[in-house]
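Numbering (full-length UniProt numbering), first residue to last: 1 to 224. Accompanying notes for the structure given below.
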Ligand code: ADP
Ligand code: ADP
């Protein structure tokens with residue numbers, strides 16, 4: 001899926017408290033891209049992610065998925081498109097504590113009343129690499145394992161794109177490394193498009209394209 005943003009802007013508040021959270025951002029995310037976005041706290045990263053994933057309306061500008069203007073869709077159509085096309089990974093893993101790892105992973109399929117594709121499930125469990133621990137509850141897993149389960153859940157509905165918001169922010173460097181290895185494999189072996197928001201320069205350095213955002217101004221700063 002190709003994502004194209006043209007002049008995306010978001011302004012919060014009025015008068016004295018007016019904040020330009022995103023200032024005319026224009027860029028293209030091509031199928032299979034691995035992109036990192038870095039920027040200080042308050043620079044507009046969450047705003048950008050919410051606009052990109054169709055969770056929030058821009059004040060102006062256009063956003064298309066494969067040419068389809070997503071803000072011309074109804075809320076219902078847009079949310080269906082989001083569920084089909086995008087997987088989300090968060091800093092706090094957001095696993096349901098009373099479900100096993102495997103049940104957490106399958107949850108999006110239950111919500112969508114879809115059948116798992118066997119070959120895809122096999123590929124996913126290989127990448128996940130926690131074997132017998134799939135029957136454990138989240139609190140019985142390490143932080144890194146929990147985040148890997150969350151990544152598998154993000155992938156279960158076979159989206160084209162993964163948006164990860166500080167996926168290693170809650171982990172020590174070794175677990176963070178394991179999580180990044182899994183994300184790298186998701187990109188290289190499954191061909192998914194990856195967009196990672198991160199404060200960690202080592203994480204950002206793994207991306208093929210690097211963006212920086214400061215005071216709502218997004219710029220591409222290079223790549224590997
Ligand atoms: P980051 O994710 O980089 O920390 P945000 O996108 O959350 O940045 O915020 C960008 C700017 O927009 C900040 O100045 C923030 O205070 C402001 N902002 C974010 N959300 C709101 C909101 N709902 N109402 C008012 N201001 C907001
Ligand atoms: P934090 O950065 O505070 O640890 P998270 O990483 O858990 O927060 O979440 C990052 C952002 O993603 C939050 O602004 C939250 O509103 C948003 N978010 C939470 N759940 C979802 C969801 N299901 N889909 C899209 N965005 C979400």
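For each residue, glycine too, the CB sits at the ideal point set by N, CA and C.
By the C-beta criterion, the stretch 26–38 is judged to be in contact with the stretch 179–195, since at least 3 inter-stretch pairs fall below 8 Å.
Remark: the shortest separation between the CB of residue 38 and any heavy atom of ligand 1 does not fall under 7 Å. Less than 8 Å separates the beta-carbon of residue 21 from that of residue 11.
Scanning the stretch 78–130 from its first residue to its last, the whole beta strand (DSSP E) runs of 3-plus residues come out as 86–89. Within the chosen limit of 7 Å, ligand 1 reaches the beta carbon of residue 45 through at least one heavy atom. Rounded to whole angstroms, the separation of the alpha carbons of residue 190 and residue 67 is 23 Å. Look at the beta carbons and you see the stretch 126–144 not touching the stretch 57–76: under three pairs across the two are nearer than 8 Å. A buried status is given to residue 8, since no fewer than 16 other beta-carbon atoms sit within 10 Å of its beta-carbon.
Measuring C-alpha to C-alpha distances from residue 72 to each of 57, 175, 148 and 41 identifies 57 as the nearest.
Residues 36, 168, 180 and 196 of the same chain have their beta carbon placed closer than 7 Å to that of residue 203, with the five preceding and five following residues left out of the count.
Secondary structure at residue 56: coil, using DSSP grouped into helix, strand and coil. With contacts defined as CB atoms closer than 8 Å, residue 128 and residue 153 fail to qualify as a contacting pair. Residue state for residue 210 is assigned as strand, using DSSP reduced to three classes. Collapsing the DSSP output to three states places residue 151 in a helix.
In the three-state scheme derived from DSSP, where H, G and I count as helix and E and B as strand, residue 14 is classed as coil. In the structure shown, the three-state DSSP call for residue 156 is coil. From the listed residues 138, 217, 126 and 158, the smallest Cα separation to residue 86 is found for 158. Of the candidates 200, 194, 215 and 214, 194 places its Cα closest to the Cα of residue 208. In the structure shown, residue 24 adopts extended strand secondary structure according to DSSP, grouped into three states. Between the alpha carbons of residue 104 and residue 150 lies a gap of roughly 8 Å. Between residue 162 and residue 89, the gap from beta carbon to beta carbon is short of 8 Å.
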